[in-house]
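Q:
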Ligand code: MTE
Ligand code: MO
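In the numbering used here, the protein residues as written are -8 to 484.
(1) Please report the straight-line C-alpha distance between residue 137 and residue 252, rounded to a whole angstrom.
(2) Taking Cβ positions, are residue 206 and residue 130 nearer each other than 8 Å?
(3) Residue 250 and residue 242 look like a contact to me (Cβ under 8 Å); what is the Cβ gap, rounded to whole Å?
(4) Quick one: does the C-beta of residue 349 sit closer than 7 Å to a heavy atom of the ligand MO?
(5) Within a Cβ cutoff of 6 Å, which residues of the same chain sit near residue 173, ignoring the five residues on either side of it in sequence?
(6) Please decide whether residue 427 counts as near chain D, where near means a Cβ-Cβ distance under 8 Å.
(7) Count the other CB atoms within 10 Å of the CB of residue -7; is the residue buried (16 or more) or exposed (fewer)?
(8) Note down, in chain order, each residue of its chain lying with its Cβ closer than 6 Å to the Cβ of residue 42, except the 5 sequence neighbours on either side.
(9) On a CA-only basis, which of 268, 449 and 481 is nearest residue 167? Give me that one, please.
(10) Please name the residue in 484, 480 and 460 whose C-alpha comes closest to that of residue 185.
(11) Leaving aside the five residues before and after residue 415 along the sequence, list all residues of the same chain whose C-beta is less than 7 Å from its C-beta, in chain order.
(12) Take residue 454 as the anchor and find which of 371, 380 and 468 has the nearest alpha-carbon.
(13) What residues in its chain sit with their C-beta under 8 Å from that of residue 471, if we drop five residues either side in the sequence?
(14) Among 256, 248 and 211, which has the Cα closest to the Cα of residue 229?
(15) Take the Cβ of residue 90 as the centre, count every other Cβ of all protein chains shown within 10 Å, and call the residue buried at 16 or more, exposed below.
(16) Quick check: the Cα distance between residue 116 and residue 348, rounded to an integer number of angstroms?
(17) Looking only at its chain, what residues have a beta carbon closer than 6 Å to the beta carbon of residue 389, apart from the 5 residues adjacent to it on each side?
(18) Report whether the distance from the Cβ of residue 132 to the nearest heavy atom of the ligand MTE is below 7 Å.
(19) In whole angstroms, what separates the C-alpha of residue 482 from that of residue 430?
(20) Quick one: does the C-beta of residue 48 sit closer than 7 Å to a heavy atom of the ligand ZN?
(21) Any idea what DSSP makes of residue 336, helix, strand or coil?
(22) So is residue 489 buried or exposed if we call it buried at 16+ other beta carbons inside 10 Å?
(23) Whole angstroms is fine: what's the gap from residue 473's alpha carbon to residue 466's?
(24) Any heavy atom of the ligand MO closer than 7 Å to the CB of residue 182?
(25) Starting from residue 255, follow the alpha helix (DSSP H) in both directions and report where the run begins and ends.
(26) For residue 11 and residue 45, I'd like the C-alpha separation in whole angstroms.
(27) So, do the stretch 18 to 38 and the stretch 91 to 104 have three or more beta carbon pairs nearer to each other than 8 Å?
(28) In three-state terms, what does DSSP make of residue 402?
(29) What's the gap between the Cα of residue 486 and the Cα of residue 61?
(30) In chain order, what residues of the same chain have a beta carbon less than 6 Å from the beta carbon of residue 119, not counting five sequence neighbours either side?
(31) Could you check whether residue 396 and residue 424 sit closer than 8 Å to each other, using their CB atoms as the reference points?
(32) From this set, 345, 313, -4 and 324, which residue's C-alpha is nearest residue 331's C-alpha?
(33) Measuring only the C-alpha atoms, how far is residue 305 from residue 169?
(34) For residue 88, which residues in the same chain have their Cβ closer than 6 Å to its Cβ, ignoring the five residues on either side in sequence?
(35) Which residues bound the beta strand (DSSP E) around residue 423?
(36) Residue 365 and residue 441 look like a contact to me (Cβ under 8 Å); what is the Cβ gap, rounded to whole Å?
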């Protein structure tokens, strides 16, 4: 209705998220969303956009770009933006809030994939320099903006809702003072780690950020046990353990509307070490990693370790979020139009390894043949707390193999540089290999002196090992790219 009133943007701003009548702008139209909030499927995160334009948020939550969403919004249309505030029919760019304007500063050494939202890899030289990745070099995977720091972090509240609907609230101070603190050393790995290799190796582009080897990092986390908090909130942990509770899943939600869930079995497993963490490597959680509180689900895909944790809900159902139901699942290489319901959500991770360092040295002779010294390093990791038992390295493209030395991190033997906390093998293992590359492993390529292909694959304690080819495990979302890591290395190039 073109007869509706015109509003200046300054007027719309007064109808912010805490006002009694929140408004939003979409294109040049103004909507009073007061009555929509309770019905909004994404919850009251919609208030983040109130007082301004909803469009930058819908660029993040692309799920909204559907006709039915516009139809819903149309019911709340109350007016238009005054022509004085429009440029080319839209509110001027500088008048629109940037959802990412409050994101923290980052270490420039991180390899940025996308700035808004922030996605960045650990730089290769820092990958396995330390057993525990320094906090400011830990990879970052944000689907949205980083929620604002609460005025008083100790007052940040976590709401725990049991399956009978009863709720209990804990402030961060409550968690720290009323429960025993635990430390757990655990790697987090994004299910998209090495997706770039999958696309290149299979010769088919998989959808998603083209992560290299750096969407995995390792840290020591400090917090309280999820099962202790559930017990305190009134949940019968023994029934969860026995599998007799009605609640089968523990759903986590973050302040910016991200959500995911884990099976009850993992949540209450006394050896599962699921933490509500507020500390990382002896410091408070950095904002990018979930300050002031996050879930840490060791051995599982990092997508379940929900950051900026504000709600825990026990349910007979998995989280309804798109990240539980419409993403982070794998299908066959032929399945390009998928029925998401037919595959389980990724939880425990498969076995993975990568080469993160490679130095060629001087030429020498071995058994009468010329060979070049090579020093390789990298990581190996498996999910479910399964220990890495062997790392195989090949310097000739997979024809012959040797075993890398697994560094003594996490062990009690002499030379252990870092102890590990927790019941499972949740941390990554670093490996080193000193070897000789036979001269005939370097294939002569025009313009290059010679290229050899180095390969690594790891095996875990269940004798699971990595697939040889990415073609065999290619999937449309490029999840769980765990095929042998092949690295072409050029001598004297
Ligand atoms: N939690 C919230 N609230 N929002 C997010 O975007 N990303 C998930 C998980 N938890 C995410 C989240 C994904 S996909 C990954 S890989 C890890 O956080 C990344 O954790 P990190 O940024 O601390 O490395
Ligand atoms: Mo992820």
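Where a beta carbon is used, it is the ideal one built from N, C-alpha and C, also for glycine.
Here the structure is a predicted model, which is why all the values come from computation and not from measurement.
A: Let me spell this out:
(1) 20 Å
(2) yes
(3) 6 Å
(4) no
(5) 216
(6) Looking at the structure shown, chain D is missing, and only one protein chain is on hand.
(7) exposed
(8) 4, 6 and 7
(9) 268
(10) 460
(11) 262, 264, 289, 290 and 376
(12) 380
(13) 182, 321, 337, 340, 341 and 464
(14) 256
(15) buried
(16) 7 Å
(17) 446
(18) yes
(19) 10 Å
(20) In terms of ligand content, the structure shown lacks the ligand ZN and carries the ligand MTE and the ligand MO instead.
(21) coil
(22) Only positions -8 to 484 of the chain appear in the structure, and residue 489 is not among them; the question remains open.
(23) 12 Å
(24) yes
(25) 255 to 259
(26) 18 Å
(27) no
(28) coil
(29) No answer is possible for residue 486: the residues shown for the chain start at -8 and end at 484.
(30) 347, 368, 370 and 421
(31) yes
(32) 313
(33) 21 Å
(34) 43
(35) 420 to 429
(36) With 8 Å as the limit, residue 365 and residue 441 do not qualify as a contact, their Cβ atoms being about 13 Å apart.
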